[in-house]
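A short write-up of the structure that comes next.
In the working numbering, the protein residues as written are 1 to 192.
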């Protein structure tokens, strides 16, 4: 439960950061070009490579694994939101503006609904990525709770490979349930 709760918190934070940022970066070209170098520098850094730095800065608490999972989950949501706005039909935007909708109204009434299928796909990708990072951080950083901790403790004992296998299967089942649940949400919200 600790791992599942931490993943849900991380996904919530990543959505709260990435969707508005993606809307700004996708709809304001000057901001997108000004931040491109920083984003392209940070994006390829693997979250797992940041574990030592996060441990030094944040310690061994749950905020470390949540922070690293947020970092990993941020990129699929952010880029899917940006690319969704690139695919936005200019005719929809112009029609909305002709009817008196301002820039903010266009974002919330036209851009966001059009981008929603892309955003939900990004969230689906981000959720499984966050789960992988969460279990990895729990395994490598010496967490005191969670699925990664369970697997780490099981592998350190003699003849406990059955528990390692169970932990691995549970992680896989969690990933499948998370992916399928988000796919059902996508089908329900954007059935068109």
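All C-beta atoms, glycine included, are put in the ideal place defined by N, C-alpha and C.
- In the DSSP annotation of this structure, the continuous segment of the alpha helix (DSSP H) that includes residue 94 starts and ends at 90 to 98.
- By the neighbour-count criterion, in which 16 or more other beta carbons inside 10 Å mark a residue as buried, residue 180 falls on the exposed side.
- If you check the CB distance, residue 85 and residue 115 come in under 7 Å.
- Distance between residue 52 and residue 6, taken at the CA atoms: about 19 Å.
- The three-state secondary structure of residue 45, taken from DSSP, is coil.
- Here the alpha carbons of residue 82 and residue 175 stand approximately 26 Å from one another.
- DSSP places residue 13 within a helical segment (H, G or I) once states are collapsed to three.
- Taking 7 Å as the cut-off, the beta carbon of residue 32 is found closer than this to the beta carbon of residue 25.
- Around residue 126, the same chain offers 11, 14, 73, 76 and 77 as residues with beta carbons nearer than 7 Å, after the five sequence neighbours per side are excluded.
- Rounded to whole angstroms, the gap between the alpha carbons of residue 17 and residue 49 is 22 Å.
- Pairing residue 138 with residue 2, the inter-Cα distance amounts to about 10 Å.
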